[in-house]
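Beneath this line is the structure, given in structure tokens, with notes to follow.
Protein chains in written order, with UniProt numbering: chain A, 1 to 342; chain V, 1 to 342; chain Y, 1 to 342; chain Z, 1 to 342.
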């Protein structure tokens, strides 16, 4: 099977990472590439690391250009995917890398995004209970947010096993590519290097309801999430430090057993040996997730920490993994668990 | 008054930062400088940024060399300060930048440091309730750890005002200088750049009992602390993200009022205007502390975040501030609230 | 003497660094601060590291606002200084931190800057032969470019002593703050971190004629300059690697003697001991210049390398140093040779 | 054909990068892995980014362990390869990633390395004139140094076409992984971040004679090289800025034509479109080389700049490329021209 794929939003970081992965995917042929302000430009000027595509020229993002592909990836600003998807027809696999179709609760969507809810598509985090089945054969996929990917994988086993209290506290550090490629003063290299800073503090970050949705589903009861994202002086990577009160009787051993069971057959999630902790450099450019968990007996808390590459497993790699499932391809095809380090 | 100061451990990062500050302190004259493996070497080869001291040569760390100074700063590995301090006589002001005399509870010390407790000295965090009085005129000062400095200043007002529940959850990111200057594989630039990683997870970091001591004192009841330190790809700075359950009736306004009151007369702690959050770059090289606090109503948590320079306010600046108090000098002398940014 | 100083362009990196220095200058009182797009905003939101000025509000850049000061610093985009300076009257000391008045040759100016030449003011690099005298008592100062500062100080002693051939080859690495604070895609942290890249290659960088002017003056004959600037993943600092053919008879010793003589009385330029090489971290935030020179006998070339902080000695510190000379104050007043490292 | 490969020195950066590439090489099976001080340890603790090899345990580096493989890669400290290679027999393909067999001139070797010359093996830079033929079918390969790779590819076309004068001036910036994984004070993250510094200045760097060898061969006459390496605050990448006097009649067009011709059939060397310059981030993790060249008419110099990943094309990728040639496999097998950016 050769799958012809179009990428809308090929000049951004998510689009660039997706193309990096698709270039080595054995069943994918790269079709139309679109951009908006960059339409008409050579990809070599915009994504100079993608040498094999250097001479490709970006088109404008229209349904005409995107139609006639087997798969269309949408790496567009929030709120733009629905209009494009509608015109693509039910036989085209549409993979939305934006937020538009992630949330089930329309009120949550409206509160956090300020626009009408477009709907809900199968959620592209195959590792979550039940998610794989919903993705298989689907023609629509909502790729998760990068933070919810890191956080949900770190904490869902504790919730699914009934080990964690319902008030999760999460602090995550992200590389700057998570903030996108649009130039803004606070994202300048001069501002970012040598500095750690929080943003979206106090429950206002848009990924919060997505985490609540995932963890509550795993727990079978409502979970609250206190989420603080921070910007770290590195281009890629998310380190998510997640904790929750340990339910009575929880031990380091019962925690480890729950995580071993949860990840036993997962091709991309790697529970580290005891005593070894995740590092974002270890998953740089890879679709792997490093997880470690322990029990702080004095504070009676479960501490679960994950590291992902925000652009790979956190965005484009997750998209390809879900595409594979939707198309009936091997889930790991074209993806790697090997990082580029140091 | 001219104060003659000796620095034991002048070749490390804490010692270097201390010298940077003492060089511009109007009442201090820099006396003996010592190092161990570096005894006999020019300071210019070890601390090339301290040009005015480039031709100074390090001595070995002995009481003979350190005696005959008004102030002796000890920037030595943990466990070595007591033996030196004993030989220095009661009239010399001894400022210990190590951990030896920070903890009140001998059992805590022994559990976390694995050696007999040396005693407890006045604690050099003047902003804490009662701390200033204990420092004034003292001849012995225990400089706080860098993380406890950042965390205690972020959270004590909430505890002192009775607004926060007793289970604090803290995730902090530190620049690499906090790990010292002894070469270790995981501290190599190649490993550190582009990577975030946790360490000392699960309640085992040695700064944990110090935070518990400070926050419990502020609260007037025992506080537990879940503390996760992370290593960030930057040379300096600590960003501490601290949270606790909000007690009934807490609002963003009551929180802000408590913090405004706590910091109203503090020369170095700066509560940022609403909506602005701390950044480590803003306090680079300065003794300032940036703090912001909010209430996450959905999760019912207080989120307090602080940024310090781990070497300045977190170590050497804190030491000078306490020295000023001990000597009856103006507390701000020789210290700055101006950062070096970008 | 208290000097009242205004700063036009207080929201940029050069303006911010200037304010950082002026805040601790014992004879300066900071007056009006202006910005254009940022007029009306609190400085605390724009330069959060300058805590003592946090509540200052920026005015628009007009002659009315700037007049009635003893000194006016212009940190404006190229081409805007002349119009402002004209309205300020001959008694106000005007220090232009832009390029407008640096070049003597109008044709050079027009070729590199594409606009009519505004004139030539005394050149604010006091270390160059004859420069100090021209600055003393002057009411107009053209602050040098950051690269020409680093390069001229590294090479002029070799030219002044007749040791170097007339074809200089220079490769310099600059921190990103040298490119300013206007957000541009290639200056995003995501692009800059982990990357070295050249720009302005092939003799087209605007600082080239300024270097030629300085080195030719030192040599007493025309010098050509091949200059390649590169962008380095750090916020501050310039490392300039400069070389030229060694004239007959040149040895490491004769070179060293020439440099020792040139810098013997210089308060800010530090010829490192033999075998020690400059590092930008060592001059971070300081007005010091580290220089080292050697003779590559096999290639018969003089290699002279300097490190400066592009914002301090390379811009704002150089401006203050020249202001001091113009006002008859001690040249070193308010400036430091102590870097903030690590 | 399945090739069984052993790697001696699997715990260092070169060894780790080699394993990263071999893991996805379709014709290679990874056999014995050795280390010295790390013998007995799990690879997962040393190279946590290589998940598929996490459970492999390192052996000691002995000929017994390495024998019985088709290919043995030696990533050992300089001076150790000869003794190992001797014991491996003439049928084993031995790829030395150290310096021992790179230089043809024994006197050069002894002057720069201070030990007896071990011999000369076919030089693993296939792009150089004549190099490919010498590698095909060879059982011994000397992998070039990282700097000579970047520099030779940037400049040899100008020399081969007779366009450049014989005095080359080279300044290169390298990421810290080029300095290896042995912990040393100046390689600490705290020292490296935010700093540019030179080392090995004045013709003493060991890669200098290797560059001279390559460029002189291309020129057909002796070329001198003034080489200044600098350490940049990034983990990977080399940016080499190379220049030489332009011979009479050289123009930007004649230069470009020479480079287009030289690289026309090269799978890994990419001459960028006019006006676009190399960046190390664009080749991060890839075997690609970005090159650009221009003529500075005012200084009459050719400026040629290349960017490589020092660990990939500069070491391990170059090793695999040469292995492919030696074994009669397609030269590009298992290698990529796609970088991991941002």
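Just so it is clear, CB atoms sit at the ideal spot from N, CA and C, and this is done for glycine as well. Remember, it's a predicted structure, so these values are computed and weren't measured experimentally.
Practice task
Would you tell me roughly how many angstroms separate the C-alpha atoms of residue 302(A) and residue 304(Y), rounded to the nearest one?
Solution key: The residue labelled residue 302(A) in the question sits at position 302 within the first chain. The residue labelled residue 304(Y) in the question sits at position 304 within the third chain. Distance between the alpha carbons of residue 302(A) and residue 304(Y): 57 Å.
Handout entry: Contact with chain A by residue 343(Z), beta-carbon distance below 8 Å
Key = Examination of residue 343(Z) is not possible in this model, given that chain Z is present from 1 through 342 alone.
Practice task
Classify residue 348(V) as helix, strand or coil using the three-state DSSP reduction.
Solution key: Residue 348(V) cannot be examined here, being either before or after the span of chain V that is shown, 1 to 342.
Handout entry: Separation of residue 277(V) from residue 116(V), as counted between CA atoms
Key = Taking the second chain and counting its residues from 1, one reaches residue 116(V) at position 116. Taking the second chain and counting its residues from 1, one reaches residue 277(V) at position 277. Spanning the two alpha carbons is a distance of roughly 41 Å.
Exercise for the section: Spatial neighbours of residue 102(A) within its chain, please: CB distance less than 6 Å, with the 5 preceding and 5 following residues excluded, ordered by chain position. Expected result: Your numbering for residue 102(A) matches position 102 in the first chain. Once the five neighbours on either side are set aside, the close Cβ partners of residue 102(A) are 142 and 210.
Handout entry: Delimiting residues of the beta strand (DSSP E) encompassing residue 96(V)
Key = Along the second chain, one-based indexing puts residue 96(V) at 96. Element bounds for residue 96(V): 93–96.
Practice task
Could you tell me whether the Cβ atoms of residue 120(Y) and residue 139(Y) are closer together than 8 Å?
Solution key: Translated into the one-based positions of the third chain, residue 120(Y) becomes position 120. Translated into the one-based positions of the third chain, residue 139(Y) becomes position 139. No, the Cβ-Cβ distance between residue 120(Y) and residue 139(Y) is not below 8 Å.
Exercise for the section: Output yes if chain Z places a C-beta closer than 8 Å to the C-beta of residue 234(Y); else output no. Expected result: For the purposes of this step, residue 234(Y) is identified with residue 234 of the third chain, where counting begins at 1. Residue 234(Y) has a beta carbon lying within less than 8 Å of a beta carbon in chain Z.
Practice task
List the DSSP bridge partners of residue 212(V).
Solution key: On the second chain, residue 212(V) is found 212 positions in, with the first residue counted as 1. Paired residue(s): none; residue 212(V) is not in a bridge.
Problem - Min CB distance residue 196(Z) to chain V below 8 Å - result: Position 196 of the fourth chain, counted from the start, is the residue given in the question as residue 196(Z). In terms of beta-carbon proximity, residue 196(Z) stays away from the interface with chain V, with every pair separated by 8 Å or more.
Exercise for the section: Find the nearest neighbour of residue 306(A) within the set 320(A), 155(A) and 338(A), judged by alpha-carbon distance. Expected result: One-based indexing of the first chain puts residue 306(A) at position 306. Ranking 320(A), 155(A) and 338(A) by Cα distance to residue 306(A) puts 155(A) first.
Practice task
Drop a sphere of 10 angstroms on the beta-carbon of residue 111(A), count the other beta-carbons inside from all chains shown, and report buried for 16 or more, exposed for fewer.
Solution key: Locating residue 111(A) in the first chain gives position 111, counting from the first residue. The C-beta of residue 111(A) has fewer than 16 other C-beta atoms within 10 Å across all chains shown, which makes the residue exposed.
Problem - Distance, residue 175(A) Cα to residue 322(A) Cα - result: The residue you call residue 322(A) lines up with position 322 of the first chain. The residue you call residue 175(A) lines up with position 175 of the first chain. When rounded, the distance between both Cα atoms is 23 Å.
Exercise for the section: Report the rounded CA-to-CA distance for residue 30(V) versus residue 24(Y), giving the unit in angstroms. Expected result: Taking the first residue of the second chain as position 1, residue 30(V) is located at position 30. Taking the first residue of the third chain as position 1, residue 24(Y) is located at position 24. For residue 30(V) and residue 24(Y), the distance between alpha carbons rounds to 21 Å.
Practice task
Counting only the same chain and skipping the five closest in sequence on each side, list residues whose C-beta sits under 7 Å from that of residue 106(V).
Solution key: Reading the second chain from its first residue, position 106 is the one you call residue 106(V). Excluding positions up to five away in sequence, the list reads 117.
Handout entry: Contact under 8 Å by Cβ, residue 5(A) with residue 21(A)
Key = Walking along the first chain from the start, residue 5(A) turns up at place 5. Walking along the first chain from the start, residue 21(A) turns up at place 21. No, these two residues do not count as a Cβ contact at 8 Å.
Practice task
Could you check the C-alpha separation between residue 204(A) and residue 108(A) for me, to the nearest Å?
Solution key: Taking the first residue of the first chain as position 1, residue 204(A) is located at position 204. Taking the first residue of the first chain as position 1, residue 108(A) is located at position 108. About 11 Å.
Handout entry: Closer than 8 Å to chain Y by CB, residue 241(A)
Key = As a working mapping, residue 241(A) is identified with position 241 in the first chain. No, residue 241(A) does not count as interfacial toward chain Y.
Problem - CA nearest to the CA of residue 288(Z), picked from 248(Z), 58(Z) and 332(Z) - result: As a working note, residue 288(Z) is residue 288 in the fourth chain. When each option's Cα is compared against that of residue 288(Z), the closest is 332(Z).
Practice task
Taking only beta carbons into account, state which residues of the region 285–308 of chain A come closer than 9 Å to chain V, listed in chain order.
Solution key: 292, 294, 295, 296, 297, 298, 299, 300, 301, 303, 305 and 307
Handout entry: Whole-angstrom distance between residue 133(Y) and residue 217(Y), CA atom to CA atom
Key = The sequence position of residue 217(Y) within the third chain is 217, counting from 1. The sequence position of residue 133(Y) within the third chain is 133, counting from 1. Approximately 15 Å between the Cα atoms of the pair.
Problem - Sequence ranges, alpha helix (DSSP H) only - wholly within the region 168–235 of chain A, length at least 4 - result: Qualifying alpha helix (DSSP H) stretches, in chain order: 189–192 and 208–219.
Exercise for the section: Would you mind giving the Cβ-Cβ distance between residue 342(Z) and residue 37(A), rounded to the nearest angstrom? I have them listed as a contact below 8 Å. Expected result: Here residue 342(Z) is taken as the residue at index 342 of the fourth chain, counted from 1. Here residue 37(A) is taken as the residue at index 37 of the first chain, counted from 1. Their Cβ separation, rounded to whole angstroms, is 18 Å, which puts residue 342(Z) and residue 37(A) out of contact at 8 Å.
Problem - residue 229(A) versus residue 199(Y) - alpha carbon distance - result: Against the first chain, residue 229(A) aligns to sequence position 229. Against the third chain, residue 199(Y) aligns to sequence position 199. Their Cα atoms are separated by approximately 34 Å.
Problem - Range covered by the alpha helix (DSSP H) that runs through residue 132(V) - result: Position 132 of the second chain, counting from 1, holds the residue named residue 132(V). First-last of the alpha helix (DSSP H) with residue 132(V): 131–135.
Problem - residue 49(A) beta carbon less than 8 Å from that of residue 147(A) - result: By 1-based counting over the first chain, the position of residue 147(A) is 147. By 1-based counting over the first chain, the position of residue 49(A) is 49. No. Outside cutoff.
Handout entry: Near-chain Z residues of the region 156–183 of chain A - C-beta to any C-beta below 9 Å
Key = Along the region 156–183 of chain A, going in chain order, the ones with a CB nearer than 9 Å to a CB of chain Z are 175, 176, 177 and 181.
Practice task
Spell out whether any CB of chain Z is found under 8 Å from the CB atom of residue 190(V).
Solution key: Taking the second chain and counting its residues from 1, the one referred to as residue 190(V) is at position 190. Flagged as an interface residue toward chain Z: residue 190(V), by a C-beta distance shorter than 8 Å.
Exercise for the section: Keeping to the same chain, check which residues put their C-beta closer than 7 Å to that of residue 295(Y); ignore five residues upstream and five downstream. Expected result: The sequence position of residue 295(Y) within the third chain is 295, counting from 1. Here the set comprises 246, 250, 251, 252, 255 and 302.
Problem - Backbone CA spacing between residue 195(Z) and residue 1(Z) [nearest angstrom] - result: As a working mapping, residue 195(Z) is identified with position 195 in the fourth chain. As a working mapping, residue 1(Z) is identified with position 1 in the fourth chain. Rounded to whole angstroms, residue 195(Z) to residue 1(Z) spans 47 Å at the Cα level.
Exercise for the section: Kindly identify the DSSP beta-bridge partner or partners of residue 54(V). Expected result: The residue labelled residue 54(V) in the question sits at position 54 within the second chain. DSSP output for residue 54(V) lists no bridge partner at all.
Practice task
Would you list, in chain order, the members of the UniProt domain "Semialdehyde dehydrogenase NAD-binding" (4–136) of chain V that have their beta-carbon closer than 8 Å to a beta-carbon of chain Z?
Solution key: 13
Exercise for the section: Report yes if the CB atom of residue 41(Z) is closer than 8 Å to the CB atom of residue 188(V), and no otherwise. Expected result: Taking the fourth chain and counting its residues from 1, the one referred to as residue 41(Z) is at position 41. Taking the second chain and counting its residues from 1, the one referred to as residue 188(V) is at position 188. No, Cβ-Cβ distance for residue 41(Z) and residue 188(V) is not below 8 Å.
Practice task
Work out the CA separation of residue 97(V) and residue 153(A) for me, nearest whole Å.
Solution key: Taking the first residue of the first chain as position 1, residue 153(A) is located at position 153. Taking the first residue of the second chain as position 1, residue 97(V) is located at position 97. Taking the straight line from one Cα to the other gives about 40 Å.
Handout entry: Nearest-angstrom Cα separation, counted from residue 283(V) out to residue 45(Y)
Key = The residue you call residue 45(Y) lines up with position 45 of the third chain. The residue you call residue 283(V) lines up with position 283 of the second chain. Those two C-alpha atoms are separated by around 14 Å.
Practice task
Report yes or no: is there a C-beta of chain Y within less than 8 Å of the C-beta of residue 185(A)?
Solution key: For the purposes of this step, residue 185(A) is taken as the residue at position 185 of the first chain. The C-beta of residue 185(A) comes closer than 8 Å to at least one C-beta of chain Y.
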